[in-house]
Amino acid sequence: EDQVTQSPEALRLQEGESSSLNCSYTVSGLRGLFWYRQDPGKGPEFLFTLYSAGEEKEKERLKATLTKKESFLHITAPKPEDSATYLCAVTSSNTGKLIFGQGTTLQVKP
Amino acid sequence: DSGVTQTPKHLITATGQRVTLRCSPRSGDLSVYWYQQSLDQGLQFLIHYYNGEERAKGNILERFSAQQFPDLHSELNLSSLELGDSALYFCASSVQGAGELFFGEGSRLTVL
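Going down the list, the sequences are from chains A and B. Mapping of the first sequence onto our numbering: position 102 corresponds to residue 138, and the numbering continues sequentially without gaps. Mapping of the second sequence onto our numbering: position 81 corresponds to residue 82, and the numbering continues sequentially without gaps.
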C-alpha cells in the first residue's frame, strides 16, 4: 500500500534558523512527489514537483530534494510568513492516486 | 485565488441528513478531485473524475457519491450523515491526472 510519512509533526524555528523537513515514502512505481503548503483554514497550495532521484527544485527560501526513499524540504533563513503546514504527496504510476502525508506544521518566531 | 470555487463554505446539519457540496474547477481543467480533511486523519483522497468519467476511488464511504457534469463542475453527495463525517471537504482540479492540483477553499461540514 502506498504510504507517505512526514517528520517532524511540528517544528518551531527562530527567524533565520535554517532546517529541513522530511518526507519518507513507499510507493509502487513513483510517478511524482509533490510538496504543498497549507495555511490555516485554506486549501493546500502547490509548491514543487520532483520526478526522479537526484532532482532538486528551489523557490525563494525553499529547496526540495528527492532520493529513492525520501524527500527533504530545506528552509533557509525562514521568516514568520513561512509559518504553515507543509504537505508531501506522492502519485503512484499503478493507481494514479495522489496520497498525502500528515504534514509538518512549521512555526517561525520573529 | 486558485480559480477553484467551492460552495457552500460552511454547512451545519444534523445526523441522518443528506448534503451536496459543489465544485467548479479552474477554467480548462478536466480533472476534479475530492479530499476529506479532519484533524486526526489528514487529507484523505476520496475520488477523482476526468472529463466526466470516474478515474480513481479512495476510501470513499458507500454513503458518499460524486459525479462530474458535462460542464465539468462536480458535486459530492453525502447521505445518512454521522458525527464522524464532520470535516473539511476540498475539491481540487488539474489539467490532466497530474499531481499539481489547485485546491479550492474547502467546504466545512459540521454534523450535530
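For glycine and all other residues, C-beta sits at the position ideal for the given N, C-alpha and C. Please read all numbers here as calculations on a predicted model, not as lab measurements.
Taking Cβ positions only, does residue i come closer than 9 Å to chain B?
i      : result
A/G65  : no
A/I135 : yes
A/G138 : With the sequence shown as reference, residue 138 of chain A is identified as Gln, and Gly is not the correct amino acid for it. Closer than 9 Å: yes.
A/L57  : no
A/L142 : no
A/L98  : no
Using 9 Å as the threshold, is the C-beta distance between residue i and residue j below it?
i      : j      : result
A/S43  : A/T140 : yes
B/S94  : B/G4   : yes
A/L49  : A/S129 : no
A/L134 : B/G100 : yes
B/Y90  : B/L40  : no
B/G43  : A/F136 : yes
B/F114 : B/G59  : Chain B is shown from 2 up to 113; residue 114 of chain B falls before or after that span and cannot be answered.
A/Y61  : A/E106 : yes
A/H110 : A/L123 : no
Just to confirm my understanding: we take residue i, look at its own chain, exclude 5 residues before and 5 after, and list those with CB closer than 6 Å. What are they?
i      : result
A/T121 : Q74, G139, T141
A/K93  : F84, A100
B/A15  : L113
With a threshold of 9 Å between beta-carbons, can residue i be considered close to chain A, or not?
i      : result
B/V1   : Because chain B is modelled from 2 through 113, residue 1 of chain B falls outside the range shown and cannot be assessed.
B/Y34  : yes
B/H74  : no
B/E63  : no
B/L1   : Residue 1 of chain B is absent from the model: chain B starts at 2 and stops at 113.
B/A67  : no
B/L102 : yes
B/E106 : yes
B/A93  : yes
B/S87  : no
Counting only the same chain and skipping the five closest in sequence on each side, list residues whose C-beta sits under 7 Å from that of residue i.
i      : result
B/N52  : L31
B/G107 : Q7, L89, Y90, F91
Going by beta carbon distance, what residues of the same chain come within less than 8 Å of residue i, once the five residues before and after it are set aside?
i      : result
A/A89  : L102, T103, K104
A/G68  : T85, L86, Y87, V126, T127
B/T111 : H11, L12, I13, T14, S87
Does the segment 74–88 of chain A come into contact with the segment 10–29 of chain B, if we say contact requires no fewer than three beta-carbon pairs (one atom in each stretch) closer than 8 Å?
Judged by Cβ distances under 8 Å, the segment 74–88 of chain A makes no contact with the segment 10–29 of chain B, as fewer than three pairs qualify.
Under 9 Å (Cβ pairs) to chain B, residues found in the segment 109–135 of chain A
Within the segment 109–135 of chain A, the qualifying residues are L123, A125, V126, T127, T131, G132, K133, L134, I135.
When you compare the segment 3–17 of chain B with the segment 63–73 of chain B, are there three or more beta-carbon pairs, one atom per stretch, that lie closer than 8 Å?
Cβ pair count under 8 Å is below three, so no.
So if I threshold CB-CB distances at 9 Å, which residues from the segment 76–91 of chain A count as touching chain B?
Sequence-ordered contacts of the segment 76–91 of chain A with chain B read G77, K78, G79, P80, E81, F82, T85 [C-beta pairs closer than 9 Å].
Under 9 Å, CB to CB, which of the residues in the segment 43–59 of chain B have a partner in chain A?
Hits within the stretch, in order: G43, L44, Q45, F46, H49, R56, A57, K58, G59.
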